[in-house]
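Participant: A single structure is presented below for examination.
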Amino acid sequence: MSCVSFAKLTTLSPHWIAHNSFSPRRHGSSPLSATRRVSLPIRASSYSDELVQTAKTIASPGRGILAIDESNATCGKRLASIGLDNTEVNRQAYRQLLLTTPGLGEYISGSILFEETLYQSTTDGKKFVDCLREQKIVPGIKVDKGLVPLPGSNNESWCQGLDGLASRSAEYYKQGARFAKWRTVVSIPCGPSALAVKEAAWGLARYAAISQDNGLVPIVEPEILLDGDHPIERTLEVAEKVWSEVFFYLAQNNVLFEGILLKPSMVTPGAEHKEKASPETIAKHTLTMLRRRVPPAVPGIMFLSGGQSEVEATLNLNAMNQSPNPWHVSFSYARALQNSVLKTWQGRPENVEAAQKSLLVRAKANSLAQLGRYSAEGENEEARKGMFVKGYTY
Ligand code: 13P
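First residue of the sequence shown? That's 75 in this note's numbering, and the numbers climb one at a time after it.
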C-alpha cells in the first residue's frame, strides 16, 4: 500500500552516488555533477504528513505521555499491590479511573494503552479512546509481544512481535490509535553483547517502519535497564552504542525521523552502584548522550521512569529542561505516574476522586518539569519512595 510521498532535494557528491543503489540517471540522461540536485526518497508512507503532525501534537509544551500499557500479567501485579484480583473488571475500573480524570489533557498529550484497553469502554459504555480524544489526548497502543531469551547471547533477551504487525497496526489505527510503542531491553550486567544490541536495534527499526506505513507514530524504546552496580560513565558508553545502532537501522529502513518519538532511559549509575547521582549529573550525562546521537529532526524525547521514585523522575526531567534542547524533552512514565494513584485508590469507589487528584498532582509536576519549573517542595514521602525491582519485567 505504500508509495513514495516524501522526497527531499539534496546535493550529493559523486563518491556518495557511486556507492548507493538508486539510479541518479532517472532524472536525466547526463552524468551527475557534484552540484546537481536530485530527488532522494527518504520515506515511503502515504501517512507522512499525519505522522509528523501527530508526533508534534504529542510533543507539545508542558505535556507528556501517561503510560498505562501494562500487559494483563503486569497490571495484575499493580492490582495485587493493593489487594485486588487480576480480573477484567478490576483492570477496567483502574483504567477508567485514570482515563476519566477531569483536566488530564492539560498535562497529558498521549496515553499508551494495552490492547484490551484500546477496545474497552467505561462502565457507562463510553469507549476509552473517546474519553481520551475529548481531552485532546492521543490514544496509543503497545504493539510488541514481549521479551523472550535470545539464543547465543549472554542470558539476554529479544523482543517479539513483527509477525502480523502490519495488519494489527492497521486494525489499531481503525480503532483510533495514532501512535505505537515497542519496548525492548538492554542489560548492562549481561554485557551487553553485540548480538543483543544489534537485534534490539534492528527489531526497533523494522517495527518503526511498519508502524509508519500504517499511520502510527512509533515510540522507539530500547530500555537500558537500571540493574547493575556500574558507574554512570558505563551507562553513557552503552547508551551511546545502543542509540548509534538504533539510528543506523532506522535510517536503513527509511524511517521518517520527523514522525517518531524516542523513549530512552535516563543515563544514571546502576541501581546498585555505591553512589547516587544528582539530577544535575544525570541531566548532564543524558543530554550529552542525546546530543551526540539524536538528530534534531526527531520531535520528542519521552523518558521512561524505569523504577525511579516519582519525585526523582520529575527532578531529573526538570534538570534536563533548564536550558533549551533541540527536541521536546518530556515524560512517558508508567510507575512514576501511577504509584501514588494506586496507593490512594486502594480499589475503593469512595477513593476514586482522591486518586484522580493524585494523578493530576503527578501529571502537573511533570508538566512543570517539562517546562523546567518544578520544585520538589511539599512532595510527600510516598512520592519519594524508589520503585526499582531487580530483573523487572513489564
Ligand atoms: P516505567 O515508567 O514504569 O519505566 O514504564 C516504562 C514503559 O515502557 C511504559 O510504557
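Backbone N, C-alpha and C fix where the C-beta goes; we use that ideal spot for every residue, glycine too.
Under 8 Å, with one C-beta from each stretch per pair, do the stretch 358-366 and the stretch 145-157 reach the 3-pair mark?
Facilitator: no
Participant: For the stretch 164-181 and the stretch 132-141, state whether three or more C-beta atom pairs, one from each stretch, are separated by less than 8 Å.
Facilitator: yes
Participant: Which same chain residues end up closer than 8 Å to Q448 when comparing Cβ atoms and leaving out the 5 residues on each side of it in sequence?
Facilitator: Looking up residue 448 in the sequence shown gives position 374. It should be noted that the sequence gives Tyr, not Gln, for residue 448. Once the five neighbours on either side are set aside, the close Cβ partners of Y448 are T388, L389, L391, N392, A439, N440 and L442.
Participant: Would you check if the distance between the CB atom of G157 and the CB atom of Q412 is smaller than 9 Å?
Facilitator: Working through the sequence shown from its first residue, we reach residue 157 at position 83. Working through the sequence shown from its first residue, we reach residue 412 at position 338. Not closer than 9 Å, so no.
Participant: With distances taken Cα to Cα, identify the nearest neighbour of P266 among L236, K248, W256 and E311.
Facilitator: For the purposes of this step, residue 266 is identified with residue 192 of the sequence shown, where counting begins at 1. It is E311.
Participant: Is it true that the CB of L125 sits closer than 9 Å to the CB of E332?
Facilitator: For this step, residue 332 is matched to residue 258 along the sequence shown. For this step, residue 125 is matched to residue 51 along the sequence shown. Their beta carbons are under 9 Å apart, which means E332 touches L125 by this criterion.
Participant: Quick check on the DSSP output: the beta strand (DSSP E) that includes P504 runs from which residue to which?
Facilitator: In the structure as shown, the chain starts at 75 and stops at 468, and residue 504 therefore has no counterpart that could be examined.
Participant: What's the C-alpha gap between G250 and V415?
Facilitator: Within the sequence shown, residue 250 is the residue found at index 176, counting from 1. Within the sequence shown, residue 415 is the residue found at index 341, counting from 1. The alpha-carbon atoms of G250 and V415 are separated by roughly 26 Å.
Participant: For H347, does the three-state DSSP call read helix, strand or coil?
Facilitator: Looking up residue 347 in the sequence shown gives position 273. In the structure shown, H347 sits in coil (DSSP, three-state: anything other than H, G, I, E or B).
Participant: State whether the stretch 397-405 contacts the stretch 421-430, with contact taken as three or more CB pairs (one from each stretch) at a distance under 8 Å.
Facilitator: no
Participant: Nearest by alpha-carbon distance to R242: which of L290, S231 and A450 is it?
Facilitator: Start at 1 with the first residue of the sequence shown, and residue 242 comes out as number 168. Comparing Cα positions, the closest option is L290.
Participant: Between L378 and E297, how many whole angstroms is the CB-CB distance? I'm expecting something under 8 Å.
Facilitator: Here residue 378 refers to the residue found at position 304 of the sequence shown. Here residue 297 refers to the residue found at position 223 of the sequence shown. Yes, L378 and E297 are in contact; Cβ-Cβ is about 6 Å, under 8 Å.
Participant: Could you pull out every residue in the same chain whose Cβ sits closer than 7 Å to the Cβ of T174, ignoring the five residues on either side in sequence?
Facilitator: In the sequence shown, residue 174 corresponds to position 100, counting from 1. Closer than 7 Å at Cβ, skipping near neighbours: T196 and C205.
Participant: Determine which residues share a DSSP beta bridge with W256 and list them.
Facilitator: For the purposes of this step, residue 256 is identified with residue 182 of the sequence shown, where counting begins at 1. Answer is V294.
Participant: Would you decide whether Q234 is buried or exposed? Buried here means 16 or more other CB atoms lie within 10 Å of its CB.
Facilitator: The residue labelled residue 234 in the question sits at position 160 within the sequence shown. Classification of Q234: exposed, given that the 10 Å Cβ count is below 16.
Participant: Should S352 go down as buried or exposed, given a rule of 16 or more other Cβ atoms within 10 Å for buried?
Facilitator: Taking the sequence shown and counting its residues from 1, the one referred to as residue 352 is at position 278. S352 comes out exposed.
Participant: With a cut-off of 8 Å, do at least 3 Cβ pairs link the stretch 212-222 to the stretch 158-166?
Facilitator: no
Participant: Using DSSP with H/G/I as helix, E/B as strand and the rest coil, what is I356?
Facilitator: The residue labelled residue 356 in the question sits at position 282 within the sequence shown. Helix.
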